[in-house]
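Engineer:
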Amino acid sequence: MLTISWTEESGWAAPQIKPYGPLSLMPTASVLHYATECFEGMKAYRGVDGKVRLFRPERNAARFRRSAERIALPSFEEGEFLRCLERFVGYEAPKWLGKERGDDGVYKEKMVYLRPSMIATQAAIGVQKPKEALMFVVMVCFPDLARTKVQPTLGNGETNGVRQEEVTKSGNAMMTGRGMKLLASNADQIRAFPNGWGWAKVGANYGPTLLAQGEARRRGYEQVLWLFGQDNVISEAGGSNVFVLWDTPEGRRELITAPLDDGIILEGVTRDSVLRLVRSRVPGVDVVERTFSMDQVVKASEEGRLIEAFACGTAFFVCPIQEVHFRGKDVYWPLASTTGDGNEGKELSMKVKTWLGDIMYGREEHEWSVVIEEE
Ligand SMILES: *Cc1c(COP(=O)(O)O)cnc(C)c1O
Numbered sequence: 012m013l014t015i016s017w018t019e020e021s022g023w024a025a026p027q028i029k030p031y032g033p034l035s036l037m038p039t040a041s042v043l044h045y046a047t048e049c050f051e052g053m054k055a056y057r058g059v060d061g062k063v064r065l066f067r068p069e070r071n072a073a074r075f076r077r078s079a080e081r082i083a084l085p086s087f088e089e090g091e092f093l094r095c096l097e098r099f100v101g102y103e104a105p106k107w108l109g110k111e112r113g114d115d116g117v118y119k120e121k122m123v124y125l126r127p128s129m130i131a132t133q134a135a136i137g138v139q140k141p142k143e144a145l146m147f148v149v150m151v152c153f154p155d156l157a158r159t160k161v162q163p164t165l166g167n168g169e170t171n172g173v174r175q176e177e178v179t180k181s182g183n184a185m186m187t188g189r190g191m192k193l194l195a196s197n198a199d200q201i202r203a204f205p206n207g208w209g210w211a212k213v214g215a216n217y218g219p220t221l222l223a224q225g226e227a228r229r230r231g232y233e234q235v236l237w238l239f240g241q242d243n244v245i246s247e248a249g250g251s252n253v254f255v256l257w258d259t260p261e262g263r264r265e266l267i268t269a270p271l272d273d274g275i276i277l278e279g280v281t282r283d284s285v286l287r288l289v290r291s292r293v294p295g296v297d298v299v300e301r302t303f304s305m306d307q308v309v310k311a312s313e314e315g316r317l318i319e320a321f322a323c324g325t326a327f328f329v330c331p332i333q334e335v336h337f338r339g340k341d342v343y344w345p346l347a348s349t350t351g352d353g354n355e356g357k358e359l360s361m362k363v364k365t366w367l368g369d370i371m372y373g374r375e376e377h378e379w380s381v382v383i384e385e386e
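Going by our numbering, the sequence shown opens with residue 12, and the numbers climb by one from there.
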């Protein structure tokens, strides 16, 4: 792991790379009482040309700094953070993203998840702006959920080499070829509210959501679809941003996602990338960031105007949504069709996934990719 400590008196100390292991904290450390913690989620990719890349890391750095500042953690130079991160990834990549060629001579695609975090370490029970903090980055290997081939139906036993139990346990829709099933939040469960801090990637936004997430899982849904307000405005799903492709009542085809201006949603790097790619590469679709509600989705469904929906974020990449359970009603997207080629309701999300994957794994040269020099 990479660790960098900070004190108000001396600022940031020299960064260190050391084996993954426990941190030593006083029981009175600020983070343990006042949720003075923020984090990031990003990935490093081994591409088809054997090079290691980060995807738009400057956006994670900027968001990391904004999140830290929101909860009185120390600020930092984004460029300096990126230099540390790139050194860390360059040093560790040969271990976790080994260079292997397939039978075709092409390097095997691999990825590893990076979790930059910052916590206030100061031992002081008083509620105050912390004077000591620790930034750290760990690497986490997890199965490549998003790139597993889409299967037409649930198999029994094996799915792409992943045991069925694990598929069920992880509850990840990408592995099974169906879309995600979401459970809409109840009116008494609000993830974030206007002018709050839903836009910051701070731990305080996640702990209070776990009860609803557990309930959703228990009832067979992958994620909670977070609604807000009397109109049941759609904000996001779990740790992912949400897009809906529909025809408007006036007959325009629209890709819609929640706007950033009221600060309710987390501004995903994937969200921004999807917006830019669809705006520049998909003619005939209006791409809009505008408030929209579950009530409108239900109406569109009744009028046959729903085309696709997907959730997107670094962890689960781009994942089609098949169903939303909304207070006694089920809204379906056409994913479950057994008559077509198995791609209905996924065309746009599959395109976007391919484009993003091509950039991440170096099949397409793109300014969003940052090649990391390995040591
Ligand atoms: C991290 C996160 C996202 C996705 O952001 P990416 O930068 O695309 O990974 C979306 N919503 C929430 C609540 C998140 O925490």
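Every residue, glycine too, gets a C-beta built ideally from N, C-alpha and C.
Check whether the stretch 285-297 and the stretch 354-371 touch, using three or more Cβ-Cβ pairs below 8 Å as the test.
Structural biologist: yes
Engineer: So within the stretch 211-242, which uninterrupted beta strand (DSSP E) runs reach at least 3 residues, ignoring any that extend past its ends?
Structural biologist: 234-239
Engineer: Provide the residue(s) that pair with R112 in DSSP beta bridges, ordered along the chain.
Structural biologist: Bridge partners of R112 according to DSSP: Y118.
Engineer: Quick one: is N167 buried, meaning 16 or more other Cβ sit within 10 Å of its Cβ, or exposed?
Structural biologist: Model confidence at N167 stands at a pLDDT of 34, short of 50, so the residue's coordinates are unreliable and nothing is read from them.
Engineer: Reducing DSSP to helix, strand and coil, say where P26 ends up.
Structural biologist: coil
Engineer: Is the separation between the beta-carbon of V335 and that of V329 shorter than 7 Å?
Structural biologist: no
Engineer: Cβ of G58 within 7 Å of Cβ of K110?
Structural biologist: no
Engineer: With a threshold of 6 Å (Cβ to nearest heavy atom), would G250 be considered close to ligand 1?
Structural biologist: yes
Engineer: Quick one: what does DSSP say Q333 is sitting in, helix, strand or coil?
Structural biologist: Looking at Q333 - three-state DSSP - the assignment turns out to be strand.
Engineer: For V280, is the beta carbon positioned less than 6 Å from some heavy atom of ligand 1?
Structural biologist: yes
Engineer: Relative to ligand 1, is the shortest distance from any of its heavy atoms to the C-beta of L277 smaller than 6 Å?
Structural biologist: Yes, Cβ of L277 sits closer than 6 Å to a heavy atom of ligand 1.
Engineer: Closest to K29 by CA distance: which of R263, M150, L43, E300 is it?
Structural biologist: M150
Engineer: Please find out if some non-hydrogen atom of ligand 1 comes closer than 6 Å to the beta-carbon of M268.
Structural biologist: Here residue 268 is Thr; the residue named in the question, Met, does not match the sequence. Not under cutoff, so the answer is no.
Engineer: Given this structure, state the Cα-to-Cα distance separating K54 from M12, to the nearest angstrom.
Structural biologist: 15 Å
Engineer: With respect to 6 Å, is the separation between the Cβ of E247 and the closest non-hydrogen atom of ligand 1 below this value?
Structural biologist: E247 Cβ: within cutoff of ligand 1.
Engineer: Touching or not, the stretch 224-235 and the stretch 270-281, by the rule of three or more beta carbon pairs under 8 Å?
Structural biologist: no
Engineer: Tell me the start and end of each unbroken alpha helix (DSSP H) in the stretch 253-323 that is at least 4 residues and wholly inside, in chain order.
Structural biologist: 280-292, 305-313
Engineer: Nearest by alpha-carbon distance to Q241: which of L36, N197, S284, L222 is it?
Structural biologist: N197
Engineer: Rounded to the nearest angstrom, what separates P205 and A73 at their Cα positions?
Structural biologist: C-alpha of P205 to C-alpha of A73: approximately 21 Å in a straight line.
Engineer: Classify A223: buried if its beta carbon has 16 or more other beta carbons within 10 angstroms, exposed otherwise.
Structural biologist: Its Cβ being crowded by 16 or more others within 10 Å, A223 is buried.
Engineer: At a threshold of 6 Å, does T259 count as lining ligand 1 (C-beta to nearest heavy atom)?
Structural biologist: Every heavy atom of ligand 1 is 6 Å or more from the Cβ of T259, so no.
Engineer: Can you tell me which of the three DSSP states A79 falls into?
Structural biologist: helix
Engineer: Could you tell me whether any Cβ in chain B is nearer than 7 Å to the Cβ of C49?
Structural biologist: No chain B appears in this structure, which consists of one protein chain only.
Engineer: Checking 7 Å against the spacing of the C-beta atoms, do A83 and G214 come in under that value?
Structural biologist: no
Engineer: Should V117 and C152 be called a contact, given that it needs their Cβ atoms to be closer than 7 Å?
Structural biologist: In this structure, C152 does not lie closer than 7 Å to V117 by Cβ.
Engineer: With C-beta atoms as the reference, is Q133 less than 7 Å away from E120?
Structural biologist: No, they are not a contact pair.
Engineer: Hey, C49 and K212 are a contact pair by Cβ (cut 8 Å); roughly how many whole angstroms apart?
Structural biologist: 6 Å
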